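A.B. asks:
4 protein chains.
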Amino acid sequence: MSDVVRLLRDADGRPVVETRFRVRYFETDAMGIVHHASYITWFEEGRSAFTRALGYPYARMEADGLLLALAEVHARYHLPARYDDEVVVVTTLDAFPSRGMNFSYAVHRASDGALLVTGNTRQVAIDRAGRVQQVPAEIRQRIMAAIG
Amino acid sequence: MSDVVRLLRDADGRPVVETRFRVRYFETDAMGIVHHASYITWFEEGRSAFTRALGYPYARMEADGLLLALAEVHARYHLPARYDDEVVVVTTLDAFPSRGMNFSYAVHRASDGALLVTGNTRQVAIDRAGRVQQVPAEIRQRIMAAIG
Amino acid sequence: MSDVVRLLRDADGRPVVETRFRVRYFETDAMGIVHHASYITWFEEGRSAFTRALGYPYARMEADGLLLALAEVHARYHLPARYDDEVVVVTTLDAFPSRGMNFSYAVHRASDGALLVTGNTRQVAIDRAGRVQQVPAEIRQRIMAAIG
Amino acid sequence: MSDVVRLLRDADGRPVVETRFRVRYFETDAMGIVHHASYITWFEEGRSAFTRALGYPYARMEADGLLLALAEVHARYHLPARYDDEVVVVTTLDAFPSRGMNFSYAVHRASDGALLVTGNTRQVAIDRAGRVQQVPAEIRQRIMAAIG
């Protein structure tokens, strides 16, 4: 399983990253389908993949002093995913304001492209003490350069 | 740990249930605080407590043929909870349309009442095959009677 | 939901703490029963309750510099728990060697006392840098005094 | 991310499957490392990969009437994994008795091959009603043929 993911563009020129993986059994619940909170963790994995595609993985951002805390999440559930389904998470950087990053997501079933879940999140930049900060200038520059 | 929870009213007369529990270690993440997806599972636990307070627990609703699938969730994160914090989840039934239930939530830290997270969800009534249905008349009646 | 839990003794004089809670929906999986990894998090919650019953909650141990990392876990699954079941986790301190703590667990269904899962864990004392250490003398003394 | 995984052999001729993925943020805890229960879900993902490598994915086994419930798990934790680490789960079929399957696992860090966690599980064959059963003859045959 290679995870070379490339930075793409949507029709509006916004940077987009796709990542795909299979549904794990523990992500399901007694309804026989994926539990709704699992998709929220997939959004997070979408952000991780996004930063890896930038060549600037979030793990390094954290080491460099930029923590991105979730300030808001919204999700709409259209169709359920099931165990072992291959899914594609499409993550788009919607905005990059001075104090954070806004992403949107679309989760598709790989087999037929069906749209399962859509959502968006607002991340706020904090420092290690948990205080809201501006994205440090160097880090911003590095991300902007990667986005192109 | 008794879990006798009573049905309360908010200022607008809407039914409200409070449930309290402690943050578990596994609900935290490497930021040292509760992971954002954990609150989504607390909303769910708020709904469970709500139906127990009605005297009509969700487990019985499912046995009676009413499954409530999550169609939409929104959450705003104000302050982080930490391991072992006692938290109170306040769950309000906002609306009870023909095909589901809408809830809102406020998660407070018990020690000082600080507001940690707010959110709301929209549940859709489905049958065992996953098809959207109207809330069956008998079940609706039973819930309406319990709400009073 | 009060969580005043008392330190008890088993037949061999070992300290025991019981904690009870209800199964959450997200802890189930597509088999319709509680996912096996959830019980591992209940063991952890059992340890948390144990330290609270000591009057020396693990959160404070961590603040005092004692981190207990899991070195080993073993679990046997006898009967499944289901959503909304009330369960009782019985946590026993089996041994308190110089570099850690060993616990065993029995998870029962509250309604009929049925034994669902048994297990044990070995915790190793580490410092904040993750190095194995002896349990600091003061902390050991404090725990020993609490155990009585 | 392709997930074509091949069936390998260990030195004793037992069938082995390797799967690799990255640590997700939500799998970590406040110690800054992967939570111990997450590895248990990786074992499960190892089993899923194993059955996919057989050409007989567990999802299909379930559809064919063979459910494998966890009866026992044991894990030893040697070194911690961290967020974004690439890990390799090596899953070995240790035994295939009449009423289940026994697996062992080794989780390695991909970057340097360090051994992080080892463990094993015992799965018991059950039917849809949760009763222990013999692995149905046809399914056994199909698995044996795939193992070769």
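Chains as they are written, first to last, in the numbering used here: chain A, 1 to 148; chain B, 1001 to 1148; chain C, 2001 to 2148; chain D, 3001 to 3148.
Think of the CB as a built atom: it goes at the ideal place given N, C-alpha and C, for glycine as much as any other residue.
Just so you know, these numbers come straight off a predicted model, no measurement behind them.
(1) Whose C-beta lies closer than 8 Å to the C-beta of Thr3118 (chain D) among residues of the same chain, with five residues either side of it excluded?
(2) Are Val3023 (chain D) and Pro3080 (chain D) touching if we call contact CB-CB under 8 Å?
(3) For Ile2149 (chain C) and Arg142 (chain A), I'd like the C-alpha separation in whole angstroms.
(4) How would you list, in chain order, the residues of chain D whose beta-carbon sits under 7 Å from the beta-carbon of Leu2067 (chain C)?
(5) Since Val2089 (chain C) and Ala2110 (chain C) should fall inside the 8 Å C-beta cutoff, what is the C-beta to C-beta distance between them, to a whole number of angstroms?
(6) My understanding is that Leu1068 (chain B) touches Ala1146 (chain B), with C-beta atoms under 8 Å, so please give their C-beta distance in whole angstroms.
(7) Grab me the residues of Gln134 (chain A)'s own chain with a C-beta within less than 7 Å of its C-beta, minus the 5 sequence neighbours each way, in chain order.
(8) Assess, as a yes-or-no matter, whether the segment 3030-3047 of chain D is touched by the segment 2003-2020 of chain C under the definition of 3 or more beta carbon pairs within less than 8 Å.
(9) Going along chain D in order, which residues have a C-beta closer than 8 Å to the C-beta of Arg2076 (chain C)?
(10) By alpha-carbon positions, which one of A:Thr121, A:Arg82, A:Gly113, A:Tyr83 ends up nearest to Asp94 (chain A)?
(11) Who are the near neighbours of Glu1138 (chain B) in its chain, counting only those whose CB is closer than 6 Å to its CB and skipping five residues on each side?
(12) What would DSSP say about Met3001 (chain D), mapped onto helix, strand or coil?
(13) Under DSSP, the beta strand (DSSP E) around Phe1103 (chain B) begins and ends at which residues?
(14) Can you tell me whether Gly46 (chain A) is buried or exposed? The criterion is at least 16 other CB atoms within 10 Å of its CB, across all chains shown.
(15) Hey, how far is the Cα of Gly3065 (chain D) from the Cα of Arg3128 (chain D)?
(16) Here's the rule I'm using: 16 or more other beta-carbon atoms within 10 Å means buried, otherwise exposed. How should Asp2986 (chain D) be labelled?
(17) To the nearest angstrom, how far is the alpha carbon of Ile2040 (chain C) from that of Gly148 (chain A)?
(18) Below 8 Å on the Cβ atoms is my guess for Glu86 (chain A) versus Arg14 (chain A); work out the distance and round it to an integer in Å.
(19) Just the chain A side, please: which residues come within less than 7 Å of Ala1037 (chain B) by C-beta, in chain order?
(20) By DSSP, does Tyr77 (chain A) sit in helix, in strand, or in coil?
(21) Quick check: what's the CA-CA separation for Arg3060 (chain D) versus Met3101 (chain D)?
(22) Leaving out five residues on either side along the sequence, give the residues of the same chain with a beta carbon under 6 Å from the beta carbon of Leu8 (chain A).
(23) Take Tyr56 (chain A) and list the residues in its own chain whose beta-carbon comes closer than 7 Å to its own, dropping the five residues that flank it on each side.
(24) Taking only the alpha-carbon atoms, compute the straight-line gap between Tyr25 (chain A) and Trp3042 (chain D) and give it to the nearest angstrom.
(25) For Ala3059 (chain D), which of helix, strand or coil comes out of DSSP?
(26) Pick helix, strand or coil for Phe2096 (chain C), following the three-state DSSP scheme.
(27) Is there a Cβ of chain B sitting closer than 8 Å to that of Phe3096 (chain D), yes or no?
(28) Which residues mark the beginning and the end of the beta strand (DSSP E) in which Ile1126 (chain B) is found?
C.D. replies: In terms of the structure at hand:
(1) Ala3075, Arg3076, His3078, Ser3104, Tyr3105, Ala3106, Val3107, listed in sequence order.
(2) No. Outside cutoff.
(3) Nothing about residue 2149 (chain C) can be reported from this structure: the residues present for chain C run from 2001 to 2148 only.
(4) Met3031
(5) The Cβ separation is near 10 Å, so there is no contact.
(6) Your pair Leu1068 (chain B) and Ala1146 (chain B) does not check out as a contact, with CB atoms roughly 15 Å apart and the cut at 8 Å.
(7) Ser98, Arg99, Ala125
(8) no
(9) Ala3071, Glu3072
(10) A:Thr121
(11) Once the five neighbours on either side are set aside, Glu1138 (chain B) has no close Cβ partner at all.
(12) With a pLDDT of 41 at Met3001 (chain D), under the threshold of 50, the modelled position of this residue cannot be trusted; read the value that follows with caution. Coil.
(13) Start and end: 1100-1109.
(14) buried
(15) 7 Å
(16) Because chain D in this structure spans residues 3001 to 3148, residue 2986 (chain D) falls outside the shown range and cannot be described.
(17) The C-alpha of Gly148 (chain A) is placed about 45 Å away from the C-alpha of Ile2040 (chain C).
(18) So it is not a contact: roughly 25 Å between Cβ atoms.
(19) Ala37, Ile40, Thr41
(20) strand
(21) 16 Å
(22) Val16
(23) So the list reads Arg142, Ile143, Ala146, once near-sequence residues are dropped.
(24) 10 Å
(25) helix
(26) When secondary structure is reduced to three states using DSSP, Phe2096 (chain C) falls in the coil class, being assigned neither helix nor strand.
(27) no
(28) 1115-1126
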